[in-house]
Every structure is written in C-alpha cells, then in structure tokens.
Amino acid sequence: MWEAAMIAVFLLQFAATANNLGSKEFTNNVTDTLNGLLLANNYDKKIRPDFGVNMHIKSLGPVVEDAAMYTMDVYFRQSWYDRRLKFTLPGISELSMSWLFLEKIWKPDTYFLNGKKSHLHRITSPNKFVRMRHDGHLTYSMRLTLSATCKMHLKKFPLDSQVCPLVIGSYGYTSKDMVYSWSGSGVGLEPGVEMAQYLIVNISTNGHVFAVRSTGSKVNNTEIYSVVQAYFFLKRSIGYYVLQIYVPCTLIVCCSWISFWITPSDVAGRTSLAVTTVLSITTLGFGGRSQLPKVGHATALDWYVIICFAFAFAVMIEYAVINFTDKLAKDIKKLLEEKKLKEQKEKETEAKVEDNHEPIEFVDEGENLEELLQPKYVFRPNRWYSLPGDLHERNLREVVYDIVESPPGSMESPLPWFQQKLKATIRFWKEVHFIPQNMTIEAEQKFHKVDMFARRAFPLAFVSLASIYALLYTYYITDKDDENDESIIGVVLAKSDQKPL
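See the structure below:
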C-alpha cells in the first residue's frame with residue numbers, strides 16, 4: 004500500500020512538471036511568434052489594410068431636446084485584415100491582446116461626424132482590446148459613451164417621433180484610401196434596453212456612402228470620404244405629458260363650467276372661480292416650461308394649452324355679459340318704477356281736481372319743465388347690442404332714434420309724449436329679451452336661458468375642438484420639415500451607387 008501511494012505521488016509530480024514545461028514552451032512560442040510579426044523589417048504600422056465596423060448598443064438615452072443631442076453607451080468594434088500579422092501556432096487560432104499591443108500595430112482613425120461629446124471608459128484600465136486571428140483578421144473593441152447631434156422636429160411635441168443618425172467615418176483617409184462598411188449585423192441592441200422618454204421603434208443602417216467635405220484649399224476645396232450611417236427611430240412616450248398637462252388642463256376647463264350652475268347674483272363666487280381657473284391654466288401650461296423645448300413655433304402641446312385657456316377665459320366673458328345685461332335690466336326696471344309712481348301721482352292729482360274743482364299745476368314748485376322733459380336714460384345711436392335672430396319687425400336704428408328724439412315743438416301736453424317715448428323704450432328692451440315679461444320674476448332667473456345655453460354649448464364646443472386637434476396631429480400634421488434630413492451631419496451625402504462629385 005505504501006509503495007503504491009509513493010508511485011501515485013511520483014506520477015502526479017511528473018505530470019505537473021511536464022505541464023509546467025509545456026506551458027513555458029507555449030508561452031515562449033507565442034512570444035517568439037509576436038516578436039517575429041512585429042519586427043521593424045517585417046511590419047510598418049503606417050501602412051493601412053482593409054477595414055470594417057460594427058457596434059453593439061449597451062444603453063441608449065437620454066435625449067436632450069434643448070441641446071438637440073442624444074447619448075448612448077456602446078461597444079464599438081472595428082475589424083480589418085492585416086495580412087502581415089498571419090501566424091501559425093499548433094492548437095491556437097486566435098490571440099487576445101491587451102491595449103498595449105495597439106501601440107505597435109496600425110489602427111484606424113475612426114471618428115463620429117455628428118458627435119459632440121464622446122469618451123472612452125478607463126476604469127480600472129482603458130476599456131479596449133484587440134483580438135488577432137491566425138489569418139491576420141483583427142477585431143478592435145472599445146467601450147464608448149457617445150453624445151451625437153440629432154435635429155429635432157417638434158411641431159407635434161409631445162406627439163412627435165424623431166430619427167437620430169450616427170455617422171461614422173475616417174478623419175484623415177479619403178475614400179481612395181479606406182472604404183467603410185458594416186460587418187455582420189451592423190448595429191445590435193442589448194436585450195431589455197429601454198428609454199424613459201422614447202420608445203425605440205427601429206434601428207436601421209445605411210451601407211457605404213460618400214461624404215463630401217470641404218478642405219478650405221483653393222486648389223482642391225473638397226474631398227470625398229467613405230462613411231457609414233446608423234438611424235435610430237424613436238417615438239416619444241406621451242404618458243408623462245398626459246398626466247402632467249393634458250389631464251390637469253382638461254379638468255380645469257371642466258371645473259370652470261361649474262360657474263354656469265352658480266346663481267348670477269353671486270358675483271364673488273362666479274368671479275373667483277373664473278379667475279382661479281384662468282390663472283391655474285396659465286401657471287400649468289405656460290409657467291412650468293423649464294423642462295420643455297424652447298422653439299420658435301407653437302407645438303402641439305402649446306395649441307392644446309391655448310385652447311384650454313380660451314375656454315376658461317370665455318367663461319369669464321360669459322358672466323361679464325350676464326352681469327352687464329343685468330345692470331341694464333335693473334336700470335330699465337328703475338325707470339319703470341319711476342313711471343309707475345308718476346302715473347300714480349297723476350291719478351291722485353286728477354282725483355283732487357275732481358274733488359276740489361281747483362286747477363292743479365303739473366309742475367311742482369322749484370321744478371323746471373325742461374328738466375322734467377329731459378330723459379334720464381338716453382340710449383345713443385352709436386351704441387349697439389346683440390339682438391336675437393327673430394327680431395326683424397322693426398329697425399333698431401329707428402327705435403333708438405325714437406327714444407332720443409327731441410320732443411315736438413308743441414309743449415301743450417308733455418306727459419302724453421313722455422309716456423309714448425317711455426313705452427317705446429320698454430317695448431324695445433322687451434323685444435331683445437333684456438327685460439322679463441313678468442316683473443315679479445327673481446333677478447337670478449332673468450338670464451336662465453343664457454346659462455342653460457352655455458351648459459350645452461361649452462362642453463360640445465370643447466369636445467369638438469379636442470377631436471379636431473387629435474385628428475390633425477395624428478393624421479395630417481407631420482413631424483419633419485421640408486428640409487433634406489441628410490444635411491444634418493454637416494456634409495453632403497451621395498449614395499454609393501453614384502459617382503463622387
């Protein structure tokens with residue numbers, strides 16, 4: 004037993020020693036191979052090979068409308084063939100090299116044409132490496148955070164959709180030196196990637212195209228570069244704006260209609276409700292816009308807030324009309340009461356005449372006859388009021404001129420003339436429905452028809468306008484301007500099947 008155990012230990016030690024010797028031999032072979040590939044006489048990193056790119060998106064967002072910019076975290080991979088780096092090692096088809104190896108070989112000068120702020124992650128070490136295949140194929144991978152420009156079309160905000168491009172090309176090599184193309188699937192998306200602001204509808208790639216860039220030289224002022232493009236189709240999530248603006252503004256407008264059920268005599272109640280709703284919509288719709296895009300045209304959200312503000316303000320106007328006509332009716336009622344007292348006084352005077360058989364003067368002591376004949380309520384011909392459609396029996400101008408017309412030259416019987424003109428005035432106001440037929444009706448019931456009409460007209464008009472608003476911004480008004488979207492990257496693009504300019 005003891006001898007068998009010693010033999011087993013010896014065999015294990017022998018296997019471990021052989022394994023260590025094999026590992027050292029393997030390392031030496033790899034080192035010798037790399038040194039042989041990178042000898043100064045065999046490899047010149049200034050000479051470029053063929054080239055291709057692909058990209059895997061780790062996260063996307065946020066999209067900043069004010070800065071017309073979007074951000075994403077990506078694994079950016081570039082691949083090319085460098086025939087000078089072919090190697091042959093038994094059992095090895097690919098070598099993974101650190102970022103230090105990149106300093107000794109050729110690598111592309113790729114940059115993002117519409118990039119604004121981009122950086123390479125360096126914690127805990129630079130996040131990049133290169134894989135080298137036995138046939139000379141190299142894959143250069145790095146983790147980047149990219150911020151690129153995206154021209155925003157905000158006419159339909161927040162019902163808008165955006166198309167954000169990413170344009171990749173060489174900084175120094177023209178299309179004669181290097182041609183870019185997407186390798187593999189082009190752009191991949193990490194499973195579960197979501198954005199709070201937008202829904203990612205689609206990601207598409209545009210193959211090799213030519214970009215014409217100005218050089219500033221008088222001899223040859225343009226150069227043609229090879230670029231590839233990726234497009235991110237984003238649709239804005241409307242839930243935030245529905246909860247924060249659309250629903251509150253709609254409810255405030257509905258609250259303003261409560262005024263139609265409050266008695267017209269409650270001036271403080273109706274006025275305070277109308278003013279509160281107007282101020283609330285102003286604060287909610289126009290005040291808190293610090294997080295919203297600042298554009299020179301009205302967006303879809305602006306138009307909805309304007310509609311809500313107009314309806315809330317119209318409620319104030321409706322009550323102002325009621326209050327104004329109420330005052331006119333009270334003035335006319337006061338005139339009628341004075342006329343009634345005058346008639347009663349005349350009857351008493353006639354009764355005294357019959358009883359005493361003495362002449363009684365119609366003018367009191369100290370009262371001037373001209374003052375008696377001067378009308379207390381003058382309706383000027385240049386002041387007009389809205390009349391119902393069925394009032395076409397008499398001409399309004401004739402009625403008003405009848406009221407303010409000077410009394411006839413004969414001053415023998417002034418009271419019959421006064422009664423005639425007073426009756427014409429009262430008849431006019433009754434015809435336009437400013438005075439109730441029955442003077443015993445309470446004041447708050449005078450304009451019941453106005454509020455009853457408003458209770459139906461305001462909701463119906465608001466629902467109709469909201470429906471038209473939804474139809475227009477859903478089917479007819481588009482996101483994009485008439486400009487060519489290809490100009491957003493600052494270069495003129497021509498498709499690859501066309502000849503360079």
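Oh and the sequence shown: position 287 is 290 in our numbering, straight run, nothing missing.
Where is the CB? At the ideal position from N, CA and C, for every residue including glycine.
Because the structure is a prediction, the values reported are computed rather than measured.
Check                                                                                                                                                                           : Outcome
Could you name the residues that DSSP lists as bridge partners for I126?                                                                                                        : I126 is not bridged to any residue.
Quick check on the DSSP output: the beta strand (DSSP E) that includes V231 runs from which residue to which?                                                                   : 225-239
Looking at R80 and V56, is the spacing between their C-beta atoms short of 8 angstroms?                                                                                         : yes
Using DSSP with H/G/I as helix, E/B as strand and the rest coil, what is F160?                                                                                                  : coil
By Cβ distance below 7 angstroms, which residues in the same chain neighbour N130 in space, the five residues on each side in sequence not counted?                             : L123, H124, M145, R146
Any idea what DSSP makes of M4, helix, strand or coil?                                                                                                                          : Confidence at M4 is low in this model, with a pLDDT of 41, below 50, so the placement of that residue is unreliable and no value is reported for it.
On the DSSP letters alone, give me the boundaries of the beta strand (DSSP E) that L475 sits inside.                                                                            : It is not in any beta strand (DSSP E) - L475 carries neither H nor E in the DSSP assignment.
So S186 is in the beta strand (DSSP E); what residue range does that whole segment cover?                                                                                       : 185-192
Who are R80's beta bridge partners in DSSP?                                                                                                                                     : N57, S144
Would the segment 162-175 and the segment 106-115 be scored as touching if the rule is three or more Cβ pairs under 8 angstroms?                                                : yes
Determine the DSSP secondary structure at E3, reduced to helix, strand or coil.                                                                                                 : Missing from the structure shown is residue 3; the chain here goes from 4 to 504 and no further.
Looking at the strands, I want to know which residues DSSP matches up with I255.                                                                                                : None, per the DSSP bridge assignment.
Based on the DSSP secondary-structure assignment, which residues constitute the bridge partners of A71?                                                                         : A71 is not bridged to any residue.
Please classify V466: is it buried, with 16 or more other beta-carbons within 10 angstroms of its beta-carbon, or exposed?                                                      : exposed
Helix, strand or coil for S262, going by three-state DSSP, please let me know.                                                                                                  : helix
How many angstroms separate the CA atom of H505 from the CA atom of H140?                                                                                                       : Nothing can be reported for residue 505: it is not among the residues displayed for the chain, which extend from 4 to 504.
Below 8 angstroms CB to CB, which residues in the same chain sit around T208 once its five sequence neighbours on both sides are set aside?                                     : W185, G189, V190, V231, Q232, A233, Y234
Under the three-state reduction of DSSP, which class applies to E353: helix, strand or coil?                                                                                    : helix
Can you list, in chain order, the residues of its chain with a C-beta nearer than 6 angstroms to that of E321? Leave out the 5 residues immediately preceding and following it. : A457
In the DSSP assignment, what residue or residues form a beta bridge with Y201?                                                                                                  : R239
L287 and C252 - do their beta-carbons sit closer together than 8 angstroms?                                                                                                     : yes
Assuming R136 and S96 make a contact with CB atoms under 8 angstroms, what is their CB distance in whole Å?                                                                     : 7 angstroms
Kindly indicate which residue of P161, G94, T91, T152 has the alpha-carbon position closest to the one of L505.                                                                 : Any answer about residue 505 is impossible in this case: the structure gives the chain only from 4 up to 504.
If contacts are defined as beta-carbon pairs under 8 angstroms, then I284 and I255 qualify, I think. What distance do you get, rounded to the angstrom?                         : 5 angstroms
Can you tell which of E226, M319, Y244 has the C-alpha that lies nearest to the C-alpha of A199?                                                                                : Y244
Leaving out five residues before and five after F132 in sequence, what residues of the same chain have Cβ atoms less than 7 angstroms from its Cβ?                              : S99, M100, S101, W102, S144
Pick helix, strand or coil for H119, following the three-state DSSP scheme.                                                                                                     : The residue asked about is misnamed: residue 119 is Lys in this sequence, not His. Strand at K119.
Cα separation between D138 and G94?                                                                                                                                             : 14 angstroms
Rank A303, F104, Y78, K158 by C-alpha distance to the C-alpha of T148 and give the top, closest one.                                                                            : Y78
Taking the Cβ atom as the reference point for each residue, do S121 and L237 lie within a distance shorter than 8 angstroms?                                                    : no
Just mark A460 as buried or exposed, buried being the case when its beta carbon has 16 or more other beta carbons within 10 Å.                                                  : exposed
Just to confirm, are T3 and L157 a CB contact at a threshold of 8 angstroms?                                                                                                    : Missing from the structure shown is residue 3; the chain here goes from 4 to 504 and no further.
Can you tell me which residues form a DSSP beta bridge with G172?                                                                                                               : Y114, V230
Name the DSSP beta bridge partners of F104, please?                                                                                                                             : Its beta-bridge partners do not exist; DSSP assigns none.
Apply the 10 Å Cβ neighbour rule to G392 and answer buried if 16 or more other Cβ atoms are within range, or exposed otherwise.                                                 : Note that G392 scores a pLDDT of 46, beneath 50, so its modelled location is shaky; the value from the coordinates is reported in the next line. Exposed, because fewer than 16 other Cβ atoms sit within 10 Å of the Cβ of G392.
Which residues in the same chain as G187 place their Cβ atom closer than 6 angstroms to its Cβ, once the five residues preceding and following it in sequence are excluded?     : N57
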